[in-house]
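Read top to bottom, the protein sequences are chains A, B, C and D.
Take the first sequence: its letter number 184 is residue 184 in our numbering, and every next letter is one higher.
Each number in our numbering corresponds to the 1-based position in the second sequence with 1000 added.
Each number in our numbering corresponds to the 1-based position in the third sequence with 2000 added.
Each number in our numbering corresponds to the 1-based position in the fourth sequence with 3000 added.
We treat Cβ as the ideally placed atom computed from N, Cα and C, and that holds for glycine.
Just so we're clear, the structure is a prediction, and the values are computed from it rather than from any experiment.
Input: a single structure, listed below in structure tokens.
Number of protein chains: 4
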Amino acid sequence: MRAPFDGAVAGVTASAPHAMIRTPRANAAAKAKPAGRTRRQEKAEQVRLALFDAAARVVGKHGYAGASVARITTLAGVAQGTFYNYFASRQDLLDQLLPAMGEEMLAHIAAEVRGERDEVAREERRFRAFFGFLQKRPAFLRILNEAEVYAPRGFRAHFANIAAEYRRALERAHERGALPGFADDEIEPLVFLLMAARSYTSLRYAQGPAGRVKAPPESLIRAYVKLLRHGLAGGTAGP
Amino acid sequence: MRAPFDGAVAGVTASAPHAMIRTPRANAAAKAKPAGRTRRQEKAEQVRLALFDAAARVVGKHGYAGASVARITTLAGVAQGTFYNYFASRQDLLDQLLPAMGEEMLAHIAAEVRGERDEVAREERRFRAFFGFLQKRPAFLRILNEAEVYAPRGFRAHFANIAAEYRRALERAHERGALPGFADDEIEPLVFLLMAARSYTSLRYAQGPAGRVKAPPESLIRAYVKLLRHGLAGGTAGP
Amino acid sequence: MRAPFDGAVAGVTASAPHAMIRTPRANAAAKAKPAGRTRRQEKAEQVRLALFDAAARVVGKHGYAGASVARITTLAGVAQGTFYNYFASRQDLLDQLLPAMGEEMLAHIAAEVRGERDEVAREERRFRAFFGFLQKRPAFLRILNEAEVYAPRGFRAHFANIAAEYRRALERAHERGALPGFADDEIEPLVFLLMAARSYTSLRYAQGPAGRVKAPPESLIRAYVKLLRHGLAGGTAGP
Amino acid sequence: MRAPFDGAVAGVTASAPHAMIRTPRANAAAKAKPAGRTRRQEKAEQVRLALFDAAARVVGKHGYAGASVARITTLAGVAQGTFYNYFASRQDLLDQLLPAMGEEMLAHIAAEVRGERDEVAREERRFRAFFGFLQKRPAFLRILNEAEVYAPRGFRAHFANIAAEYRRALERAHERGALPGFADDEIEPLVFLLMAARSYTSLRYAQGPAGRVKAPPESLIRAYVKLLRHGLAGGTAGP
DNA sequence: AATGAATGAGAGTTCATTCAT
DNA sequence: AATGAATGAACTCTCATTCAT
């Protein structure tokens, strides 16, 4: 709700699909008093969050290549050494960035799609929600973009998350008979084709100057919907 | 046929759509004796080519991040300092890599599409030809992938090249009435959606272990063609 | 018999020849109630012992260089900060390690020598007992080895201990007329020459792979005894 | 002859038992003009020597642990990066230090021993020459001492060198009948016992304050000679 | 007395670029 | 035009020690 990541990190912790997330706190947790978190734990969590948040901002602004530990810790307001109390390495944090924000994105999109029955309309909502999320979290665009190269482990985790979610959605649609012409082994390719549309066009249309993020033009959404509804024929007969 | 890039580089030099490509050679060319190239010029061109070729191989194998000037010059068999007689900076060469290979790719695809009239069938041919090219030039997949992050200028130049070519094709199709449902301002989005499909799926399907490049599965191509032909409905009525 | 050092440390405390050994406990000891140790004191002594024992194990396995406070406290099962309640610094503990084990070694050797009257035979027993001790306490070999460089104060203390003991033995032998050719001022050099033999050959012959400790070959002991009995002539006339 | 290492390094290069010695120059050497060294090569050799010399001084003064690349390069008057043009790593240089000086030591000792026939007298000369060398190269004492722990590869190389040399000498003596009481398999132990005497006593007697090196007392040498000549009996009958 | 997170100086190493030869 | 050694800033990471809780 407020600073980036408050929600995102909580989301990750909740669903916890990231074996790589591990902080010093983890050990101490075992000895924790049953009655709620201690002050120390709270403070530690704050620092962790501050580092996470700082990393997201720094990557958003300078890219992964420019995300030095020095920059991140300075922005977070802690000493460089402190970083290594929370993350095993620079790469460790970098690899957690995308999956964490990805969870948040998924939640954001899911909320927008709820209620719509028609599959193309659902996809249109997802598409719009994706772009909406980019505006809510401008850093995400760059993080998403560069992660494949700079944080491949994190990228793969995120990719698997998103693809699994998408696949579930398309498989349900398939069962409902909403994708009549497609065979079972064509669902996965379809997943990637839809992810491609979203991801690739965001690079062209959302990326503004100086890290700014723009809303996508309606013509893009119209073209996408037509393609999904009728293919390249685009709906000859008109709506 | 033989070493990568002999053709590619020639192609670039020929069509020269890259404002950023400018080397010390350019100056020398101005002074060239009218009667053909001197020995010196030929030798220089050879060195330039060797550096280019070495860079492509190195990036293909080690990625842009691992493409140090030392590695490139060692592979090319020249001293490190020599590099800067031909390229303004490491980045300069890196930015020329993708546009050069992109020209070659364009030529390869154009040759495969020739003769086909149906627009969906043409796109299928392009799609197949793209994957075919990846197998011919395995290094291209990695270069294409990483360029956006490591050689953004080069990536943009390449992207503009490809998009322009695509746009021309789709606009001709549009004029022929092959994209009946689409408005003028939806052609460009369509271009990006088709590029997205090609580019994004290549990452998922073509990337084999250890830099190997695989052929795409037929299910992917079937799904793509169905999507183009009928949208998500996928051709309920059958072909 | 059980955890290393129970005895060793007790020994140190008993004979206390180490001016440098002084821990927070020492203060507490002053305030001790006359009637035996309190629970608190016992607990504290346990922690001290645990740290000591952990340090010996860590140095035995990872060497002094790898004996970080973090590793030692983790193995001892206490927090890092606790360390500084018992030792003034990392170096302080490290410097106590060798003298403590050295006392144990001395006791071990003394027990083996008892009863033998011939001086060369006594030295042979010491020599064998030294190697025997190494096998009983494998960590000692590494500690002894590295202490000179990493814990020079501790090394000097240990060295002085051993040399003093040795000197006492040789002086008694001298008085008995067992070292007929040597002048008074040659006793000390002799001490160092005997210590040299023991210490140096242990590095060559006892050190096995992966911290394992081997028994010395009999040929070494034969050569040593011959040297002591007859010099380089080695006993031409037979024994 | 002048600055430390001029000779030492040459010595190493000559007998070259150190597979680990490798500098960038090695490549270039292949292309070298036949007619003598170029200026560049000479300069490079100078820098290499300067680094070597600086390293020896630094280790002599601050120990291996204090021999940071920064200190070494500062003393040598070159930039830190330059270091890595000559040595693969800090450890690489550190491992070369002892073998290089060891060769010089060997030469020094050999020169002193020449001419003497009696084996004990030869060993006395070696012993004296060893201490003499320590005074000529004060840094050597510390380097020798710490190498086992900080530069184990270098130490092993040096140790093997010295032991081989010694062994050759003792085997020749053995063949001459100079070590009448010793069996073949006792020669090696003898080698180590003599090396022990030299090495260990140097720590006790040569080490002065502040890296100063003292001459050994005559009593040490007398004791040593007596031990070698008659064993612990020390020559009852007198000379 | 025990905790353990925070600190920050300092380590080794890399590499694009320069420039005297 | 070619060389390749020199440069030095920048990087990630370690760890003994401190100190508020």
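Of the residues the options, which one's Cα is nearest the Cα of residue i?
i, options, result
"B/Met1105", "B/Val1225, B/Ala1163, B/Ala1151, B/Glu1042", "B/Ala1163"
"B/Arg1142", "B/Gly1234, B/Arg1057, B/Leu1232", "B/Arg1057"
"C/Ala2173", "C/Tyr2150, C/Leu2144, C/Glu2123, C/Ala2215", "C/Glu2123"
"A/Thr201", "A/Ala215, A/Pro209, A/Ala210, A/Val191", "A/Ala215"
"A/Ala139", "A/Phe182, A/Phe87, A/Arg114, A/Phe52", "A/Phe52"
"D/Leu3098", "D/Val3059, D/Asp3184, D/Arg3229", "D/Val3059"
"A/Ala107", "A/Phe130, A/Ala206, A/Phe159, A/Leu232", "A/Phe130"
"B/Gly1211", "B/Arg1125, B/Arg1137, B/Leu1227, B/Phe1087", "B/Arg1137"
"B/Ala1100", "B/Phe1083, B/Arg1156, B/Thr1082, B/Arg1071", "B/Arg1156"
"C/Gln2207", "C/Gly2102, C/Leu2144, C/Phe2083, C/Val2069", "C/Leu2144"
If the criterion is Cβ atoms closer than 9 angstroms, does the pair residue i and residue j meet it?
i, j, result
"D/Pro3189", "C/Ala2223", "yes"
"A/Glu119", "A/Leu193", "no"
"C/Ala2197", "C/Phe2127", "yes"
"D/Ala3076", "D/Ala3054", "yes"
"B/Asp1095", "B/Arg1048", "no"
"B/Gly1277", "B/Glu1146", "Any property of residue 1277 of chain B remains undetermined from this structure, which presents chain B solely from 1001 to 1239."
"C/Leu2228", "D/Leu3232", "yes"
"C/Arg2204", "C/Ile2187", "no"
"B/Thr1082", "B/Thr1073", "yes"
"C/Arg2090", "C/Val2113", "no"
Under a three-way DSSP split, which group does residue i fall into?
i, result
"D/Val3078", "coil"
"A/Arg229", "helix"
"D/Ser3219", "helix"
"C/Tyr2224", "helix"
"B/Arg1122", "helix"
"B/Gly1234", "coil"
Residue range of the alpha helix (DSSP H) that residue i falls in?
i, result
"B/Lys1043", "1039-1062"
"C/Phe2192", "2187-2205"
"A/Gly115", "Looking at the DSSP string, A/Gly115 is not in any alpha helix (DSSP H), and its letter there is neither H nor E."
"C/Pro2180", "Note, C/Pro2180: premise wrong, no alpha helix (DSSP H); not H, not E."
"A/Gly66", "Counting along the chain, A/Gly66 falls outside any alpha helix (DSSP H), and DSSP gives it neither H nor E."
"D/Gly3154", "3152-3175"
"A/Phe87", "No alpha helix (DSSP H) contains A/Phe87, which DSSP labels as neither H nor E."
On the CB-based measure, 16 or more other CB atoms within 10 Å of its CB, does residue i come out buried or exposed?
i, result
"A/Phe46", "Before going on, a small fix: residue 46 of chain A reads as Gln here, not Phe. Exposed, since its Cβ has fewer than 16 Cβ neighbours within 10 Å."
"B/Ala1044", "buried"
"C/Gln2080", "exposed"
"B/Thr1038", "exposed"
"B/Ser1199", "buried"
"D/Glu3175", "exposed"
"A/Arg40", "exposed"
"C/Gly2177", "exposed"
"A/Gly66", "exposed"
"C/Ala1986", "There is simply no residue 1986 of chain C to check, as chain C begins at 2001 and stops at 2239 in what is shown."
"D/Asp3092", "buried"
"B/Gly1115", "exposed"
"B/Glu1042", "exposed"
"B/Gly1181", "buried"
"A/Asp185", "exposed"
"A/Ala160", "exposed"
"B/Ala1050", "buried"
"B/Ala1169", "buried"
"D/Ala3183", "exposed"
"C/Ala2151", "buried"
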